[in-house]
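Participant:
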Amino acid sequence: MSTRTPAHPRTSADTERLKLQPCTLVLFGASGDLAHRMVVPALFRLWRRGLLAPGFRLVGYARTKLDDAAFRDGMRKAVLEKARPGDEEAWPAFAERLGYITGQYEGDQAGYRQLAELFGQADESGATARRLFYLALPPKEFAPVIRQLAEAKLLGRSYQAPTDGWSRVIVEKPFGRDLASARELNAAIARDVDEHFVYRIDHYLGKEAAQNLFTLRFGNALFEPVWNRNYIDHVQITAAETLGVEGRGGYYETAGAMRDMVQNHLMQLMALVAIEPPDRWTSTAVRNEKVQVLQAVQRLEEDAICRDAVRGQYGPGTIDGAPVPGYRQEPGVDPHSMVETYAGLRLHIDNLRWAGVPFYLRAGKRLAARRTEIAIQFKPAPHTPFPVPDDAGGANTLVVEFAPNERLTLRVAGKAPGRGMLVTPVELAYCGASSGEKPPSAYENLLVDALVGDPTFFARADEVEASWAIIDPVLHHWEHEPELRFPNYESGSQGPLEGDAMVQRDERPWRDLA
Ligand code: NDP
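If you count the sequence shown from 1, you need to add 232 to reach the working numbering.
Following this line, the structure appears as structure tokens:
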């Protein structure tokens, strides 16, 4: 019998083994929303879990004039807003690790000189030799900041053993706004940093539910034999929100649902469902498989786009009993806007495993319910010796839910108690939190991965480009053929009727957003 140790243990029991090396994280855009709501709270949780080495340092960097004390104070408020027992007491020791530099991102190099000075100081722990630069910035700053870091000689180009130091860069989304701009950004980054050190973050990949899909598929003998066109009828991937643009109308006008959700998050989830089993658990093997499957997605030609790509825009309606405005009435939105707040796709993957199995993707705002999930719909049992009603689980569904809860549910046909073979649906559920410990957030998981140098759950350059290549023709078509029926769905509804028609043509309904 052989025993296997996990390559990247993350539970508290494994904390000791994981102990990260002292390092310095420079957070660009430290005055911003993401830094306050996600990045620093996640780092604090890692600190509390004992996963950051004592020599860990966090340097906030932004144009807003702040000193160390003001930066720490702002972060204290942000972190303790959702305090857990013991957080207040733990904060001061963490706060000592925090510093701040006021600087420009482009042009004036004074801030970068300060950074170079900091990293030039010898530090016995090695914290200044191990550098993680997190670009929590508007995308137009990604390439210029990397250029400036390179000019300040803060980025190493060649691979060095971790004990000698390293420089890694986390790049936020959106990564480009079409295939051409994504290629351009990849090329600009590649001039200064080896791909090996670039961590393009997609926080869906850091979610426990997403990573569980791998253990489910590749850690059990049960699923792989049925994970194919012979047993799977279709796959639905949904990211439904009840929220509107929440004051971010200006940003949304430049994005839309396809760019904001489908190109990155939903494509990644589709790739996780569809990849071939990697031969080893390495970032190269896993990401190679993801690229392969994204490249196998059938391209949507002009005539298919009208049939297999759907867009919608919400009008006024009711959410949770309260009236809400339409998209065109939101602040910062053009009253004649043609931007989609709903996008749906019907895709096929041209390979032996998936030929003929539709993958339906939809993402939308102001829908009837908040629900993000992957639903893998199996074919019905070919023969049953007693009646199994359609809704009783005979056609099994495996649901990987991301929101509102993170859990896996397998719906099967069970027996109703009492005499006779009355069949009723039964759910076998696994929730990451069932062990009693709150599961780590996506940002916690991904920050640890970046700190230990494991890019498995980050998007590689070719992955991003493969995903844009699927979306590009649709965006191009939509730009040239405005949808004159906008707004075409009511806030609080199931989405546009065109979305229903897309799946009903295959005689398959969307799962209800209840
Ligand atoms: P912010 O708009 O809050 O910007 C972050 C910081 O960047 C600001 O505090 C500001 O710092 C600086 N900044 C803002 N506008 C400009 C500008 N026009 N030119 C130069 N600098 C500017 O962004 P977020 O924190 O919300 O997001 C950061 C990145 O993360 C973005 O790429 C975003 O798409 C991505 N992201 C954000 C999410 C979120 O929930 N917020 C979720 C997923 C991804 P200062 O003026 O002090 O320099």
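Positions of the beta carbon are idealized from the N, C-alpha and C atoms, including for glycine.
May I ask you to report which of helix, strand or coil DSSP gives residue 560?
Facilitator: For residue 560, the secondary structure class from DSSP, reduced to helix, strand or coil, is helix.
Participant: Check whether the Cβ atoms of residue 718 and residue 545 lie closer than 7 Å to each other.
Facilitator: yes
Participant: Is DSSP giving residue 261 helix, strand or coil here?
Facilitator: In this structure, residue 261 counts as coil in the three-state DSSP scheme.
Participant: Do you know how far the Cα of residue 705 is from the Cα of residue 534?
Facilitator: 8 Å
Participant: Would you decide whether residue 618 is buried or exposed? Buried here means 16 or more other CB atoms lie within 10 Å of its CB.
Facilitator: exposed
Participant: Are the region 560–576 and the region 718–727 in contact at 8 Å, needing three or more beta carbon pairs?
Facilitator: yes
Participant: Are residue 263 and residue 301 closer than 7 Å when you measure CB to CB?
Facilitator: Contact: no.
Participant: State the DSSP-derived secondary structure class of residue 465, mapped to helix, strand or coil.
Facilitator: Residue 465 falls in the strand class under three-state DSSP.
Participant: I need the DSSP call for residue 730, collapsed to helix, strand or coil.
Facilitator: helix
Participant: Taking buried to mean at least 16 other C-beta atoms within 10 Å of its own C-beta, is residue 712 buried or exposed?
Facilitator: exposed
Participant: Buried or exposed: where does residue 255 fall if 16 or more other Cβ atoms within 10 Å of its Cβ makes it buried?
Facilitator: buried
Participant: Just to confirm my understanding: we take residue 307, look at its own chain, exclude 5 residues before and 5 after, and list those with CB closer than 6 Å. What are they?
Facilitator: 272
Participant: Taking the beta strand (DSSP E) that residue 399 falls in, what are its first and last residues?
Facilitator: Start and end: 398–403.
Participant: Measuring from the CB of residue 306, is there a heavy atom of ligand 1 at a distance below 6 Å?
Facilitator: no
Participant: Taking residue 724 as the reference, give the member of 361, 510 and 472 with the closest Cα.
Facilitator: 472
Participant: Report the three-state DSSP secondary structure of residue 332 (helix, strand or coil).
Facilitator: strand
Participant: Please report the straight-line C-alpha distance between residue 792 and residue 693, rounded to a whole angstrom.
Facilitator: With the chain covering only 233 through 746, there is no way to say anything about residue 792.
Participant: So, with DSSP's three-state summary, where would you put residue 745?
Facilitator: Assigned with DSSP and collapsed to three states, residue 745 falls in coil, not helix or strand.
Participant: Counting only runs that start and end within the region 668–732, where is the alpha helix (DSSP H) found for 4 or more residues in a row?
Facilitator: 674–684 and 693–712
Participant: Please confirm whether any heavy atom of ligand 1 lies closer than 6 Å to the CB of residue 264.
Facilitator: yes
Participant: Could you give the residue range of the alpha helix (DSSP H) that holds residue 346?
Facilitator: Counting along the chain, the alpha helix (DSSP H) containing residue 346 begins and ends at 342–352.
Participant: What residue from 502, 521 and 267 has the CA that sits closest to residue 402's CA?
Facilitator: 267
Participant: When we look at the beta-carbon of residue 392 and count the other beta-carbons within 10 Å, is it buried (16 or more) or exposed?
Facilitator: Only weak support is given to the placement of residue 392: the predicted model assigns it a pLDDT of 48, under 50, and the value that follows is read from those uncertain coordinates. By the neighbour-count rule (16 or more Cβ atoms within 10 Å), residue 392 is not buried but exposed.
Participant: What I want to know is whether the C-beta of residue 369 ends up closer than 6 Å to one or more non-hydrogen atoms of ligand 1.
Facilitator: yes
Participant: What are the boundary residues of the beta strand (DSSP E) that residue 292 is part of?
Facilitator: For residue 292, the enclosing beta strand (DSSP E) covers residues 289–294.
Participant: I'd like to know whether the C-beta atoms of residue 467 and residue 608 end up nearer to each other than 7 Å.
Facilitator: Cβ atoms of residue 467 and residue 608: closer than 7 Å.
Participant: Taking 6 Å as the cut-off, does the CB of residue 478 come closer than this to any heavy atom belonging to ligand 1?
Facilitator: no
Participant: As a quick exercise: from 615, 405, 547 and 287, pick the residue whose alpha carbon is nearest that of residue 368.
Facilitator: Checked all of 615, 405, 547 and 287; the closest Cα to residue 368 is 405.
Participant: Taking 6 Å as the cut-off, is the CB of residue 261 close to at least one heavy atom of ligand 1?
Facilitator: yes
Participant: From residue 386 to residue 686, what does the alpha carbon distance come to, in whole angstroms?
Facilitator: 20 Å
Participant: Cα-Cα, which of 638, 503 and 738 is closest to residue 690?
Facilitator: Nearest of 638, 503 and 738 to residue 690, Cα basis: 503.
Participant: Going by DSSP, what residue range makes up the beta strand (DSSP E) through residue 516?
Facilitator: Careful: residue 516 lies outside any beta strand (DSSP E), inside the alpha helix (DSSP H) at 515–527.
Participant: Please confirm whether any heavy atom of ligand 1 lies closer than 6 Å to the CB of residue 295.
Facilitator: yes
Participant: Which residue or residues does DSSP assign as beta-bridge partners of residue 370?
Facilitator: According to DSSP, which records beta bridges pairwise, residue 370 is partnered with nothing at all.
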